[in-house]
Amino acid sequence: MSDDIPDHTEDVVGVLTERIEAHFGMGMDQLRAAVALEPTANPDATEVVTWHGLLVDSQAVLDRAEDDLLAALEAQPSEVDDPTMGLAQCVNAAVTARDGRALVVRWLLDPAAPGKKNLAAERLARLHPRTGSAVQTSAPQRPLGAPAPASARRAGSPVR
Numbered sequence: 003m004s005d006d007i008p009d010h011t012e013d014v015v016g017v018l019t020e021r022i023e024a025h026f027g028m029g030m031d032q033l034r035a036a037v038a039l040e041p042t043a044n045p046d047a048t049e050v051v052t053w054h055g056l057l058v059d060s061q062a063v064l065d066r067a068e069d070d071l072l073a074a075l076e077a078q079p080s081e082v083d084d085p086t087m088g089l090a091q092c093v094n095a096a097v098t099a100r101d102g103r104a105l106v107v108r109w110l111l112d113p114a115a116p117g118k119k120n121l122a123a124e125r126l127a128r129l130h131p132r133t134g135s136a137v138q139t140s141a142p143q144r145p146l147g148a149p150a151p152a153s154a155r156r157a158g159s160p161v162r
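Start counting the sequence shown at 3; every next residue gets the next number (this note's numbering).
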């Protein structure tokens, strides 16, 4: 059994919580406290804690939806009615939300995940803004009376 995919005895939140704790070298309570105290100190930790909270919330919604569906199914004579089918759809939606948030947490914990190199560069740029002059993006001013370059004349630009 791969440790990437939880089986029936493991819950998604528990597995990801263990991975977060191993990744940051501290328990979730400590990590949440550290992020609450200094949210900008480690943007990766802050983001993981945020998404972990969303994951825990979505798991709670899923648990309630499953309980409601089970209670409705136990009260059904033999055929499932429309309200119970609606509860089943709520369970499906809750699973989708929980699994999507779990994927985000897994992505945040994987330093080699697709798109991470560009994301790291963006964060680095925000943390260390450029202090030198930018590359010139407009054409330099031509002295009056100087002919336009040949490429500009071929493109149909008037010579002034």
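Every residue gets a Cβ at the ideal spot worked out from N, C-alpha and C, and that includes glycine.
Quick one: using the 10 Å Cβ neighbour count with 16 as the cut-off for buried, is residue i buried or exposed?
i    : result
Q61  : buried
L64  : buried
L89  : buried
A67  : buried
L71  : buried
A24  : exposed
R103 : buried
R162 : Caution applies to R162, whose pLDDT of 49 falls short of 50 and renders its modelled position unreliable; the value that the coordinates give is listed next. Classification for R162: exposed.
Would you tell me roughly how many angstroms separate the C-alpha atoms of residue i and residue j, rounded to the nearest one?
i    : j   : result
R100 : V17 : 13 Å
T86  : L75 : 7 Å
D84  : L57 : 29 Å
L105 : G29 : 21 Å
P79  : A73 : 12 Å
W119 : V14 : Reading off the sequence, residue 119 comes out as Lys, not Trp. Their Cα atoms are separated by approximately 26 Å.
Residues in the same chain with beta-carbon distance under 8 Å from residue i, minus the five sequence neighbours each way, listed in chain order, please.
i   : result
F26 : L33, A47, V50
Return the chain-ordered list of same chain residues with a C-beta closer than 6 Å to the C-beta of residue i, the five sequence neighbours on each side being excluded.
i    : result
A115 : W109
A96  : V63, L64, A67
C92  : A67
G55  : none
Is the region 42-51 in contact with the region 109-121, if contact means three or more CB pairs nearer than 8 Å?
-> yes
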